[in-house]
Every structure is written in structure tokens, then in C-alpha cells.
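Let me begin by presenting the structure, written as C-alpha cells, before commenting on it.
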Amino acid sequence: MPNVNVELGDRSYNIQIGANLLNELGTMCQQHNLGQKCVIVTDSNVEAAYAEIVTDSLKASGFDPIRITIKPGEVSKNLQVVQMCYELLAKHRIERNSFIVALGGGVVGDLAGFVAATYLRGISLVQIPTTLLAQVDSSVGGKVGVNLPAGKNLVGSFHQPRFVICDRATLASLPDREYKAGLAEVIKYGIIYDAQFFTQLDQNVDLLMNRDPAFLDLVIARCCQIKAAIVGKDEKESGLRAILNFGHTIGHGLEAITGYGRLLHGEAISIGQIAAARLSHMRLGLSKHDVERITSVFQRVGLPITIVLDASERRSLLEAMNLDKKVVSGGIKFVLIKSIGESEFGLRVEESMVAEIVDTLHEQ
Ligand SMILES: NC(=O)c1ccc[n+]([C@@H]2O[C@H](COP(=O)([O-])OP(=O)(O)OC[C@H]3O[C@@H](n4cnc5c(N)ncnc54)[C@H](O)[C@@H]3O)[C@@H](O)[C@H]2O)c1
Ligand SMILES: [Zn+2]
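At the far end of the sequence shown sits residue 1274, using the working numbering, and the numbering has no gaps.
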């Protein structure tokens, strides 16, 4: 079973990757000397499939879990739901040595993680991600938070989990569209950090699409290793960690102008990565061949690579990027690549060049 370490001094932790790991949760919590009282935070889709096995495992090891179930989706990632969680934690006398288990996708992980980071000034957190996106991205690295009406992820903190369990078997029930959205982050790791991994994905699209168990274990482990290496060097995003935002400048803009819902995050950053690859060609001389290889992988896994925007939507997209914390005087900051696997962050790109690329988004 692959096993990845995130090295952060006394806050280092382990990511277990494999199948049918949920019933080992209780034993692992014992090994980490976690307190008896705990809270499972989940959403109603995940609860139906996996909450019982997690609850039974905790009880069998002598823990005393309560459960908080939220509505699925981004609508729940807000301060009202955080407040509701705080009230339940107080009612059930959750203590300083109690812990929270985040069982679900990135929404549950970010929300429950934020509650764990702030309740009693911080209690322990265990992440059990159940979407591909959460397993390869959001459950690792300690960023937790919620949305405000003014924008996504505007309130948050850094709170590293005590350990992470990536049970690949939980992905079997994930809807196809959500699974593909996770693949957009998977492919991103190859593009920004590991040319060999990119080639492996490129050559094994059929295994990816069939959710081949052995290949998935390898893929999840490699993504977690890459994220762990980056976070280990730059936990609070003062530099290198920014490369994880490849494709996200335009991707976040697309999510904002389409009203958070029409495109899943993974779909938006698929188009965003195509745009970033084209910009990399113009600005850093990325070869045309590499732009084509990148485009072809996204296309073959069934992610969108084009979007039709009218003139006013194109203007809104540029405005949204200007609002997205990434402006520098006279331009917009981007992560770009010189070649596949070799990225540079903090590059200023003239707004006119960004506009030129946005104009090409309707073409392959
Ligand atoms: N903290 C970070 O570093 C970080 C990084 C990337 C994304 N995020 C956040 O993650 C969130 C998106 O996460 P997501 O894509 O996992 O979305 P999500 O949590 O909304 O899950 C997607 C859908 O899949 C369902 N689901 C989850 N697991 C399932 C399973 N095993 N079987 C069947 N259905 C299942 C959920 O109920 C939901 O309907 C966003 O809020 C984003 O901001 C955070
Ligand atoms: Zn992302």
C-alpha cells in the first residue's frame, strides 16, 4: 500500500493510500492518541455510502463519535454552516483533545477543517477524502476555509491534519463528471512538476478512464507526493506553492463569470490550463508540440478544452481576473511553463496578451 509523508517538522503527517482502509480508522486514531470524543462531518451523499463503516470502526476502538451531516455541494461552504457546527460541538461538549473526521469531498474537508482550526482555538483533524479532487489536492496541505457572498475561500486558515486516509475504493461511487473533474488536477501535477508522470498519464488514458485500481493507487500516490514536496518547501504560499495555481487564473475567472455551478472547478481549470499552455508558448517559448500534447490529454479524458464566450463575457472574464488577487501593475500574474514539468510562478503578463488568448478559447 503506497504511503506518503508530508514533512512539516512536528506537524508532519502521513497519507495512507489504498482500498478498503475505512475500517482501519479507529486503530489509526488510537495510534495517534486522539481523545475519546469525536465528530464525523460528512454530506448526505457520502453519509449514505460510508458513514456507517467509519462510525463502526471508531466505536470498535472505544471512541465516541457524533455525526454532523451537511447538504452536498458548494452551497454548504459558508459561515452559517460553520456556526451550526460550533453550536453542535458545544452542545456535545467537544473538548480540546477531541477531534474531527472530515469524511467527504473538498467541500466537507474545507468546512470541517475550518471548524477544527478554530473551535477552542484548534482541535485535531483527520481527513478522509472521498472524491478524486479531494484525494489528490484539497485534503493535503492544510488549507481550510469557507466562502463569503463576496467570493470563494475568502475566510480561512492553515490547519494540517493528523493523518489522511485516501481510500481509493470510495471513488467507485463517484459520478463520472466529478471523477473527470478530479483528473484535471491530476494532469496539472504532471504539467507543472513531473514530465515523466505526464507521459505516463498521456500513454494510459484508458486505464485512467476505467478507474483501473492499480493505476489509480499509483496516480494518487504520485500526486500526493508532488503536493507534499511542494507544501513541505513552502507551507504558507510565500513562493513555490503558487505553481499549484497553474490554469487557475483563467479557471477561477471562468467559474466566477459562469456563476459557480455551470462548470465544475476541474472543468474550469481544464480550459484554464489550455489557456495557460498557449500563454506559455507566447511568453516562455513552450513548444507547439507540448501545447498540443497538453490539449490532447485533456480532450481524451473528456474534459472541456474550449468555451464559447460573447464579447461582454470576455470583458467580464478579464475583470474577474483583475479582482482575483493576482493583479500587478499593468498586467496579470500567471504560473506558466517553459516545458512540460518545468514551471515558473509570478510572471506578469500584459492584459492585452491575456485578452488575445481569451479570444482563442472557442477554438481547439
Ligand atoms: N483546501 C484546498 O487546498 C483545496 C484545493 C482544491 C479545492 N478545494 C475546494 O474543494 C471543493 C471542491 O471539492 P470536490 O470537488 O471534492 O467537491 P464536493 O465536496 O462538493 O464533492 C462533489 C460531489 O460528490 C459527492 N461525493 C463525494 N464523495 C463521493 C463518493 N465517494 N461517491 C459519490 N458521491 C460523492 C458530494 O456529495 C458532492 O455532491 C471546493 O470548495 C474547492 O474550493 C480546496
Ligand atoms: Zn484547483
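Just so it is clear, CB atoms sit at the ideal spot from N, CA and C, and this is done for glycine as well.
ask   = If we count the other Cβ atoms within 10 Å of its Cβ and call it buried at 16 or more, is R1006 buried or exposed?
value = In the assembly as shown, R1006 is an exposed residue. Its beta-carbon has fewer than 16 other beta-carbons within 10 Å.
ask   = How many angstroms separate the CA atom of S1180 from the CA atom of V1018?
value = Cα to Cα, the separation comes out at about 23 Å.
Inter-residue Cα distance where the pair is I1075 and Q1045 = The alpha-carbon atoms of I1075 and Q1045 are separated by roughly 8 Å.
request  = Starting from D1127, follow the alpha helix (DSSP H) in both directions and report where the run begins and ends.
outcome  = For D1127, the enclosing alpha helix (DSSP H) starts and ends at P1123 to K1143.
inquiry  = Using the Cβ count rule (16 or more neighbours within 10 Å means buried), how would you classify T1040?
reply    = Residue burial annotation: T1040 is buried, with at least 16 other C-beta atoms found within 10 angstroms of its C-beta.
Spatial neighbours of R1188 in its chain, beta-carbon cut-off 8 Å, leaving aside the 5 residues before and after = The beta carbon of R1188 is closer than 8 Å to those of V1201, I1267 and T1270 in its chain, skipping five residues each way along the sequence.
inquiry  = Determine, for I1136, whether the minimum Cβ-Cβ distance to residues of chain B falls below 8 Å.
reply    = Of the chains in the structure shown, none is chain B; there is only one protein chain.
ask   = Cα separation between L918 and Q926?
value = In this model, L918 and Q926 are separated by some 17 Å (Cα to Cα).
Beta strand (DSSP E) runs wholly inside the stretch 1198 to 1251, at least 3 long, in chain order = Runs of the beta strand (DSSP E) inside the stretch 1198 to 1251: 1241 to 1249.
message = So A1152 and F1068 are supposed to be a Cβ contact under 8 Å. How far apart are they, rounded?
response = Contact between A1152 and F1068 does not hold, since the beta-carbon distance rounds to 15 Å and is not under 8 Å.
ask   = Apart from the five residues just before and just after S1190, which ones in its own chain have a Cβ nearer than 6 Å to its Cβ?
value = L1196, L1246 and I1247, listed in sequence order.
ask   = Heavy atom of ligand 2 less than 7 Å from the Cβ of E1165, yes or no?
value = With a cut-off of 7 Å, the C-beta of E1165 is classified as distant from ligand 2, since no heavy atom of the ligand falls inside that distance.
query = Does the distance from the C-beta atom of E1165 to that of L1154 stay below 8 Å?
reply = No.
Where S971 sits in the DSSP three-state scheme = Coil at S971, not helix or strand.
DSSP state of P952 mapped onto helix, strand, coil = Here the sequence assigns Thr to residue 952, which means Pro is not the residue at that position. Strand at T952.
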